[in-house]
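Report on one structure; see the data block that follows.
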């Protein structure tokens with residue numbers, strides 16, 4: 011690990027002058043950085059890196075050498091949550107520091123800026139021990155703080171506090187639920203902490219599930235649920251009731267499912283929350299889908315679509331008429347793909363109308379309509395009205411029934427471009443689904459331009475990826491599909507601090523795109539699905555999902571197990 015015994019004196023170090031003296035940067039670059047620093051308020055080191063005068067690793071190595079302290083790579087350092095949490099999160103984040111080691115007489119602290127005297131003094135007061143410094147990469151430090159200062163302990167503490175209030179009987183739940191100003195009430199703080207923890211962990215969903223003896227709170231991170239169990243099951247009604255109020259739902263109705271939404275701001279993130287309640291054996295279960303509005307909409311090129319497919323898709327969505335369907339199960343990223351396409355089509359010359367349930371992203375210039383089944387504002391009714399609004403492009407949130415499908419298909423052959431989704435497993439299977447719904451084959455043949463099927467797979471963490479050899483069962487699967495990929499690039503994440511020891515960090519989409527040609531259209535007009543499927547599979551441009559997944563595995567982007575999981579969801583032929 012290096013010289014962890016070095017202790018810097020508290021003499022002020024002018025890092026800019028040192029860099030100039032050692033000819034790492036010029037005097038002119040230093041003056042330019044100081045001017046920019048006054049404007050931005052950032053640290054000098056950060057400013058030098060932002061201006062491109064020095065790269066981060068060189069600066070860190072220079073600091074390590076000049077101050078005679080070690081550089082520590084936090085991605086490979088064995089971080090200990092019980093040690094790290096001995097320093098308050100407030101101090102750690104304010105001064106960009108992390109507690110790495112505690113001994114009888116001294117502590118080892120990683121610092122993004124070891125020349126910061128104020129941070130040094132504050133650490134001395136807080137820890138009451140001799141400070142040994144190490145320099146660390148700031149981005150790694152912030153990642154580590156996000157992972158280590160998870161709110162699990164705080165959630166448990168607040169749950170206990172709320173449970174005690176409820177048990178004592180002096181907790182006016184009805185009054186609290188109607189008083190927005192009661193910010194110090196345990197239920198409010200518990201929910202606030204719950205949302206902060208979810209945003210910090212980049213969770214897409216929060217599940218609140220009352221059981222017989224416990225309350226389970228689960229977060230879906232990169233498609234996988236992570237569970238936190240609380241013994242205070244009696245707090246569940248208080249949480250659910252407050253959430254219902256936020257979503258303007260009926261708090262007296264506990265026997266029927268309800269759906270709603272609300273917006274909150276968490277750590278400067280504007281979060282749109284879609285809430286669904288369901289009566290279960292031990293109370294009401296709640297699932298909340300979190301949509302970070304502040305993160306913006308991805309462009310098509312950011313989705314992971316392979317270059318050749320992306321080029322063809324962009325050509326298709328620029329057509330003046332026709333229909334492109336995006337298919338896949340719930341949570342496969344269909345809406346993200348549609349909105350990415352819309353963001354490229356959203357120009358002043360085009361009139362765009364969307365019909366959605368619910369409206370997930372708010373976009374300027376686009377006329378977005380929220381379906382409301384209870385009052386008769388259905389997809390079909392809005393679509394019929396939208397056709398009289400002179401649109402160029404229509405987005406239909408989902409083809410839920412035959413009437414909606416027929417209106418959408420007819421719109422595509424009458425001079426409109428239509429985007430929509432369907433819940434099917436594959437692009438070829440989409441045609442069967444539409445035929446089963448009763449959509450005429452001749453109508454699909456005239457209107458469908460392409461069908462895109464997609465899934466989300468977990469990315470291997472690039473910081474702990476190591477070569478991988480298929481096990482016996484995986485080899486049997488590989489032999490069965492008869493692939494032609496070079497699998498020497500297979501990787502697996504062994505687990506590290508950056509990925510929370512899961513081996514995965516983030517997700518990426520895999521896609522298949524079926525472009526309809528004359529032969530496929532002829533088969534559709536005959537309602538001959540078998541011939542359609544044979545022609546589609548033989549198409550030179552068609553790459554099925556399982557092959558896309560296996561290609562990503564062979565390139566070390568995802569693991570072989572993820573590729574096989576996706577293949578198990580679709581027909582391999």
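Numbering (the numbering used here), first residue to last: 11 to 583. All C-beta atoms in this analysis are idealised placements derived from N, C-alpha and C, irrespective of residue type, glycine included. This structure is a prediction, so every number in the text was calculated from the model and none was measured.
With distances taken from CA atoms, which of the options is nearest residue i?
| i | options | result |
| --- | --- | --- |
| residue 227 | 273, 296, 409 | 296 |
| residue 501 | 513, 368, 508, 507 | 513 |
| residue 382 | 376, 391, 375 | 391 |
| residue 125 | 116, 84, 101, 78 | 78 |
| residue 129 | 144, 118, 142, 106 | 106 |
| residue 329 | 315, 312, 424 | 424 |
| residue 137 | 91, 98, 144 | 98 |
| residue 144 | 196, 131, 83, 93 | 83 |
| residue 366 | 461, 429, 494 | 429 |
| residue 92 | 111, 74, 102 | 111 |
| residue 364 | 342, 340, 399 | 399 |
| residue 525 | 327, 493, 36 | 327 |
| residue 264 | 293, 277, 238 | 293 |
| residue 342 | 261, 377, 393, 234 | 234 |
| residue 225 | 217, 380, 309 | 217 |
Please state the DSSP three-state secondary structure of residue i.
| i | result |
| --- | --- |
| residue 477 | strand |
| residue 289 | strand |
| residue 516 | strand |
| residue 64 | coil |
| residue 58 | helix |
| residue 472 | coil |
| residue 452 | helix |
| residue 205 | helix |
| residue 503 | strand |
| residue 566 | coil |
| residue 30 | helix |
| residue 377 | strand |
| residue 394 | helix |
| residue 409 | coil |
| residue 125 | coil |
| residue 574 | helix |
| residue 302 | strand |
| residue 355 | helix |
| residue 263 | coil |
| residue 273 | strand |
| residue 223 | coil |
| residue 243 | helix |
Please confirm whether residue i and residue j have their CB atoms less than 8 Å apart.
| i | j | result |
| --- | --- | --- |
| residue 586 | residue 319 | This structure leaves residue 586 out entirely; the chain is present only between 11 and 583. |
| residue 256 | residue 200 | no |
| residue 471 | residue 515 | yes |
| residue 520 | residue 468 | no |
| residue 213 | residue 229 | yes |
| residue 447 | residue 415 | yes |
| residue 426 | residue 404 | yes |
| residue 86 | residue 506 | yes |
Tell me which residues share the same chain as residue i and place their Cβ nearer than 6 Å to its Cβ, disregarding the 5 neighbours each side in the sequence.
| i | result |
| --- | --- |
| residue 286 | 269, 297 |
| residue 434 | 337, 440, 443 |
| residue 189 | Reliability fails at residue 189, whose pLDDT of 45 lies under 50, so the model's placement of it is uncertain and no value is given. |
| residue 27 | none |
| residue 359 | none |
Within the present structure, is the beta-carbon of residue i separated from the nearest heavy atom of the ligand MN by less than 7 Å?
| i | result |
| --- | --- |
| residue 504 | Here there are no bound small molecules, and the ligand MN is not part of this structure. |
Which residues in the same chain have their Cβ closer than 7 Å to the Cβ of residue i, if we skip the five residues on either side of it in sequence?
| i | result |
| --- | --- |
| residue 307 | 349, 350, 353, 371 |
| residue 34 | 64, 72 |
| residue 4 | Since the first residue shown for the chain is 11 and the last is 583, residue 4 is missing from the structure and cannot be characterised. |
| residue 280 | 273, 303, 304 |
| residue 11 | For residue 11, the predicted structure reports a pLDDT of 42, less than 50, and the residue's modelled location is therefore unreliable. A value from the coordinates is still provided. Excluding sequence neighbours, residue 11 sits near 80, 82. |
| residue 241 | 224 |
Which residues in the same chain have their Cβ closer than 8 Å to the Cβ of residue i, if we skip the five residues on either side of it in sequence?
| i | result |
| --- | --- |
| residue 176 | Reliability fails at residue 176, whose pLDDT of 47 lies under 50, so the model's placement of it is uncertain and the value that follows must be treated cautiously. 183, 244, 245, 248. |
| residue 96 | 109, 112, 137 |
| residue 36 | 30 |
Query raised in the report: Does the stretch 346–361 come within contact of the stretch 438–454, defined as at least 3 CB pairs closer than 8 Å?
Result: no
Query raised in the report: Should the stretch 528–535 be called in touch with the stretch 557–569, which here means at least 3 C-beta pairs below 8 Å?
Result: In short, these stretches do not touch, since the Cβ pair count stays below three.
Requested in this report: Please confirm if the stretch 568–577 is in contact with the stretch 487–506, defined as three or more CB-CB distances below 8 Å between the two stretches.
Outcome: yes
Query raised in the report: Hey, is the stretch 208–216 in contact with the stretch 296–310, meaning 3+ C-beta pairs nearer than 8 Å?
Result: Yes, since at least three Cβ pairs between the stretch 208–216 and the stretch 296–310 fall closer than 8 Å, the two stretches touch.
**Report entry** Given 8 Å, three or more beta-carbon pairs between the stretch 455–471 and the stretch 411–428
**Finding:** yes
Query raised in the report: With a cut-off of 8 Å, do at least 3 Cβ pairs link the stretch 52–71 to the stretch 145–158?
Result: Between the stretch 52–71 and the stretch 145–158 there are three or more inter-stretch CB-CB distances shorter than 8 Å, so the stretches are counted as touching.
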